[in-house]
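Chains as they are written, first to last, in the working numbering: chain A, 101 to 640; chain B, 2 to 331.
Even glycine gets a Cβ: it sits at the ideal position worked out from N, Cα and C.
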Amino acid sequence: MGAGMPDVDAEPRAATVPLLEVEEVNKTFPGVRALSDMRLELRAGEVLALVGENGAGKSTLMKLLSGIYTADSGFFRFNGEPLAITGPKRATELGISIIHQEFNLVPHLTVAQNIFIGREPRRLRVLLDERRLVADAHALIDRLHLPLDPNAVVGALTVASQQMVEIAKALSYDPKVLIMDEPTAALNDIEVETLHELIRRFVRPDTGVIYISHRMEEIRRIAGRVTVIRDGEYVDTVDVGATSTGEIISMMVGRTLADSTGPQDVRGDRDTVLEVVGLRTKPARDTTQLKDVSFDLRAGEILGFAGLMGAGRTETARAIVGADPTDGGTILLHGRPIRIGHPADAVRHGIGYLSEDRKRYGLLLDSDVKANVTLGALRDKFSALGFINDRGARLKADECVGALKIKTPSVDQTAKFLSGGNQQKVVIAKWLVRDCDILIFDEPTRGIDVGAKEEIYGLLNELAEQGKSIIMISSELPEVLRMSHRVVVMSEGRVTGILTAAEATQESIMHYATLRPDENVEDAMELGLDPAETGAEEAQ
Amino acid sequence: MTAVKTRETVAGGFLTVAKGRLQQLLAFASLIVIYVFFSVASPYFFTYGNFTAILFSTVVIGTLAIGTTFVIITGGIDLSIGTGMALCAVMSGVFIVKLDLPIAVGIVGTILFGGLMGLVNGINIAVLRIPPFIATLAMMLVAEGLALVLSNSAPIYFSDDPAYTKISTGNLIAGVKFPNAVVVLIVVAIIAGVLLTKTLLGRYTYSIGSNEEATALSGIDVRKWKIGIYAFAGLFIGLAGIMISARLGSAQPATGMGYELQAIAAVVIGGTSLSGGKGSIVGTLIGALIISTLNNGLQIMSIPQEWQNVILGCVILVAVYTDILRKKEA
Chain A
101 MGAGMPDVDA
111 EPRAATVPLL
121 EVEEVNKTFP
131 GVRALSDMRL
141 ELRAGEVLAL
151 VGENGAGKST
161 LMKLLSGIYT
171 ADSGFFRFNG
181 EPLAITGPKR
191 ATELGISIIH
201 QEFNLVPHLT
211 VAQNIFIGRE
221 PRRLRVLLDE
231 RRLVADAHAL
241 IDRLHLPLDP
251 NAVVGALTVA
261 SQQMVEIAKA
271 LSYDPKVLIM
281 DEPTAALNDI
291 EVETLHELIR
301 RFVRPDTGVI
311 YISHRMEEIR
321 RIAGRVTVIR
331 DGEYVDTVDV
341 GATSTGEIIS
351 MMVGRTLADS
361 TGPQDVRGDR
371 DTVLEVVGLR
381 TKPARDTTQL
391 KDVSFDLRAG
401 EILGFAGLMG
411 AGRTETARAI
421 VGADPTDGGT
431 ILLHGRPIRI
441 GHPADAVRHG
451 IGYLSEDRKR
461 YGLLLDSDVK
471 ANVTLGALRD
481 KFSALGFIND
491 RGARLKADEC
501 VGALKIKTPS
511 VDQTAKFLSG
521 GNQQKVVIAK
531 WLVRDCDILI
541 FDEPTRGIDV
551 GAKEEIYGLL
561 NELAEQGKSI
571 IMISSELPEV
581 LRMSHRVVVM
591 SEGRVTGILT
601 AAEATQESIM
611 HYATLRPDEN
621 VEDAMELGLD
631 PAETGAEEAQ
Chain B
2 MTAVKTRETV
12 AGGFLTVAKG
22 RLQQLLAFAS
32 LIVIYVFFSV
42 ASPYFFTYGN
52 FTAILFSTVV
62 IGTLAIGTTF
72 VIITGGIDLS
82 IGTGMALCAV
92 MSGVFIVKLD
102 LPIAVGIVGT
112 ILFGGLMGLV
122 NGINIAVLRI
132 PPFIATLAMM
142 LVAEGLALVL
152 SNSAPIYFSD
162 DPAYTKISTG
172 NLIAGVKFPN
182 AVVVLIVVAI
192 IAGVLLTKTL
202 LGRYTYSIGS
212 NEEATALSGI
222 DVRKWKIGIY
232 AFAGLFIGLA
242 GIMISARLGS
252 AQPATGMGYE
262 LQAIAAVVIG
272 GTSLSGGKGS
282 IVGTLIGALI
292 ISTLNNGLQI
302 MSIPQEWQNV
312 ILGCVILVAV
322 YTDILRKKEA
């Protein structure tokens with residue numbers, strides 16, 4: 101460890117010979133041409149962004165570089181030398197480390213055990229040397245300036261910390277090339293900055309980073325150049341500084357996108373549909389305890405929910421729909437208090453929850469589109485005496501596929517074969533079929549490519565126009581600002597501010613998101629005020 | 002989405018459909034291969050009498066396996082079906098012989114008793130959140146003990162009720178040698194197949210096994226349905242209890258142990274995934290037939306019982322391994 105880090109006499113070569121070259125690479129799967137004449141050039145000392153819509157071929161290219169797939173034809177060169185990647189282990193040995201979007205961590209093991217998994221230091225060949233393991237992990241973590249405890253159990257860490265463990269693991273191999281696939285998908289803005297800091301420290305005259313991301317602002321901040329691919333083909337590589345975001349997106353999607361501005365009508369005159377007062381939950385492991393959540397939702401409104409990771413936004417949604425137990429608080433629907441003890445109750449009241457984790461909480465991946473779309477309404481609308489009305493279900497599913505422009509060969513297609521954006525549309529369709537008037541979207545565009553994002557936004561606006569009320573939890577501030585009529589900001593299990601579209605800016609949201617509510621509460625207690633009201637006052 | 006992606010999904014969809022069919026075809030093909038093998042290997046195997054004998058010996062395992070297919074598709078397991086069946090057999094004796102109730106009442110009572118056992122399993126699993134393996138392991142022991150207690154550890158003979166044994170060994174059409182038990186199995190399989198594919202019960206069985214959380218969040222009362230599914234599967238334990246006591250002409254309190262594993266083996270050979278979400282009644286029937294054909298053929302070839310189990314164990318490994326290979330390709 102620590103051996104090959106700064107290698108000073110690498111610069112003359114680095115200036116001329118690219119660190120990593122991909123040339124004329126082809127890869128075909130049965131019936132599909134995944135990559136055709138793909139090119140890529142990573143220069144030493146740079147961060148190269150790689151962008152493309154889902155299905156453009158990014159993952160295939162990654163898997164070729166990490167040795168999971170082998171190319172049909174083409175060349176790979178590393179520092180000018182031909183490169184033969186025969187398997188994942190070989191790629192690591194050659195100095196190419198990849199951090200996949202989905203973590204490869206063992207939740208029950210500690211940070212140190214995860215970092216050195218498969219290379220555990222041993223005594224007498226068979227006994228694990230736990231002390232050295234921890235010491236090695238300590239040294240690595242210190243060198244990378246990461247705020248991690250080597251003895252912490254990974255499963256108990258936040259997503260951001262788990263991401264750091266992945267990074268520490270990747271960097272422990274002292275790679276020359278670091279490839280990161282959507283490293284910030286689950287991070288908030290502050291955590292993203294920490295990650296970028298780490299990347300900047302990693303980049304030396306003899307190393308380089310390939311940074312795959314959908315988030316344009318991030319790419320502008322971290323990358324020097326950006327390579328755009330589309331439909332398995334190379335489009336262009338441009339300097340980030342000399343190209344506008346709009347131009348990059350146009351290259352990705354092959355068309356220009358409408359400019360994005362926040363909503364004009366603030367829905368101030370509309371009726372209140374849902375009112376949540378003083379919602380609390382019991383303390384629990386791995387989730388944020390809700391201490392006091394109060395807000396109201398109007399008809400036809402998109403109510404954005406902003407906050408840092410762990411602020412309690414998802415917990416709020418789950419508590420409202422009865423997925424997790426509450427410990428006090430009132431939910432009023434059209435002014436009348438309702439009791440929700442189970443998601444079935446919420447659905448009966450017309451409240452639907454679309455989880456941030458579609459695959460885990462939203463879809464039946466092995467079932468077809470039709471079964472997914474009609475799942476929630478099967479009993480009330482598509483069955484009689486317990487028998488399923490398959491024709492009715494098929495007609496409805498077909499209608500949804502048309503209305504939501506779900507790209508699928510038929511409603512019999514298995515859900516797992518759809519792209520992320522289309523899977524999300526299937527989940528949305530499920531709730532529309534169920535006639536829900538209140539829809540809670542948790543990170544509706546996570547892991548969805550730019551083009552499909554626009555469609556989801558259009559769909560949300562359309563639903564709001566139809567009078568449906570939408571709660572949109574999002575960690576992407578531009579998304580919150582663009583979509584929301586009002587923004588609820590949470591911090592540490594409390595609502596710290598409610599902003600109108602006019603008041604909401606990146607700065608104002610971050611201000612409330614970083615408020616320490618505990619301090620406010622103590623102040624309020626001293627003054628003999630109900631802490632629930634202080635949050636509301638601050639919001640107005 | 003782009004042109005390339007669309008082609009990819011179309012091709013992917015086509016391949017999956019083809020593979021789904023292939024899976025059942027493969028199990029059926031193995032059954033044929035086994036059947037042909039024994040037909041060639043022994044002159045006594047390929048006869049109408051032996052054909053119905055194989056079907057006849059499939060009835061008890063098949064009935065248990067069909068019920069437990071529902072449970073396994075939800076991602077659960079039921080270990081109590083074997084001794085539960087023995088307890089239900091004893092109950093049929095208690096109802097019909099000891100209480101001297103009409104046979105029809107005894108049959109309905111026994112089937113409902115099986116449902117009650119399933120209901121208790123379901124409540125333990127869905128409400129008390131005891132893992133299915135443990136909950137049904139406990140029920141397995143409870144049923145084993147109760148069967149002995151209620152029968153005073155002695156068989157109950159249906160000597161005064163010859164009509165009862167006709168349920169199993171009689172022929173529906175006089176003169177045609179086709180045992181009633183096989184007719185019962187076929188009817189039950191058709192009903193189960195329809196319920197699994199055409200009704201809410203079946204759809205939610207798959208949904209829960211495929212993604213329990215997503216199903217609950219879709220507004221389906223998963224707890225209620227799970228209890229219902231275990232109770233429903235319990236009805237098959239009751240029916241199996243009747244089929245075995247009618248076949249033997251007596252309720253044997255100590256015969257149940259081991260049947261649960263044979264039934265689970267049939268389900269697994271039939272392509273139902275123990276992790277839930279996938280499976281079919283046709284597959285389970287083929288699995289049960291493979292087991293009884295093997296037992297029958299090996300017996301005819303005078304291969305000792307001990308070796309029959311060794312071979313059956315290997316068949317299970319091969320069946321599940323080919324399933325894993327298929328999934329890897331897909």
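Beta-carbon gap between residue i and residue j smaller than 9 Å
i	j	result
A:V117	A:A144	yes
B:F71	B:G239	no
B:G257	B:I73	no
A:A477	A:S519	no
B:L56	B:V183	yes
A:L433	B:A215	no
A:V147	A:I322	yes
A:N251	A:V211	yes
A:V373	A:S394	no
A:R380	A:T426	yes
A:N126	A:G187	no
B:P44	B:S152	no
A:A655	A:N214	Residue 655 of chain A is absent from the model: chain A starts at 101 and stops at 640.
B:A267	B:A241	no
Element boundaries [alpha helix (DSSP H), containing residue i]
i	result
B:F237	223-249
A:I609	606-613
A:K127	Where A:K127 is concerned, there is no enclosing alpha helix (DSSP H), although the beta strand (DSSP E) it sits in stretches over 120-129.
A:D498	490-503
A:D236	230-243
A:A602	Taken as a continuous stretch (DSSP letters only), A:A602 belongs to no alpha helix (DSSP H), as it is neither H nor E.
B:S303	B:S303 -> no alpha helix (DSSP H), and no H or E assigned at all.
B:T170	163-170
A:D445	443-448
B:V61	49-74
Among the options, nearest to residue i - alpha-carbon criterion
i	options	result
B:V109	B:N297, B:G235, B:L290	B:G235
B:D161	B:L186, B:L102, B:I312, B:T285	B:L102
A:F487	B:G288, B:L138, B:L197, B:S152	B:L197
B:L80	B:G94, B:I104, B:Y260	B:Y260
B:L142	B:N122, B:G250, B:G107, B:A127	B:N122
A:S313	A:I329, A:S591, A:A399, A:G428	A:I329
A:I571	A:L465, A:A239, A:E543	A:E543
A:E293	A:L271, A:M264, A:Y273, A:K269	A:M264
B:G280	B:M86, B:I35, B:I67	B:I67
A:G324	A:A342, A:V335, A:D490	A:A342
B:K199	B:I282, B:G115, B:T323	B:I282
A:G422	B:A217, B:I168, B:L275, B:T285	B:A217
Unbroken beta strand (DSSP E) run spanning residue i, endpoints
i	result
A:P83	Outside the modelled stretch of chain A, which goes from 101 to 640, sits residue 83 of chain A, for which no answer is possible.
A:P437	436-438
B:S274	Run containing B:S274: none; DSSP gives neither H nor E here.
A:L374	372-379
C-beta neighbour in chain D for residue i, strict 9 Å
i	result
A:P425	As a matter of chain content, chain D is missing from the structure shown, whose protein chains are A and B.
At least three beta-carbon pairs within less than 8 Å, the stretch 258-277 of chain A to the stretch 294-312 of chain A: yes
Residues of the stretch 485-510 of chain A whose Cβ lies closer than 8 Å to any Cβ of chain B, in chain order: G486, F487, I488, D490, K507, T508, P509, S510
Meets three-Cβ-pair contact criterion under 8 Å: the stretch 505-524 of chain A and the stretch 542-558 of chain A: yes
Touching by the beta-carbon criterion (3+ pairs, under 8 Å), the stretch 143-156 of chain B and the stretch 82-91 of chain B: yes
Cβ pair count under 8 Å reaching 3, the stretch 221-234 of chain B against the stretch 450-461 of chain A: no
Members of the stretch 459-485 of chain A near chain B, C-beta cut-off 8 Å: R460, Y461, G462, L463, L464, L465, D466, S467, A471, L475, G476, L478, R479, S483
Stretch-stretch touch, CB-based, cutoff 8 Å, three pairs: the stretch 439-449 of chain A with the stretch 498-505 of chain A: no
Three-pair Cβ contact test at 8 Å for the stretch 573-585 of chain A versus the stretch 399-408 of chain A: yes
Residues in the stretch 213-245 of chain B having any Cβ partner in chain A nearer than 9 Å: E214, A215, T216, A217, L218, S219, G220, I221, D222, V223, R224, K225
Short-range partners of chain B found in the stretch 241-252 of chain A, where Cβ spacing is below 7 Å: none
Cβ-based contacts, 7 Å cut-off: residues of the stretch 263-282 of chain B near chain A: G278, K279
Selection of the stretch 526-545 of chain A by Cβ proximity to chain B, strictly under 8 Å: K530, R534
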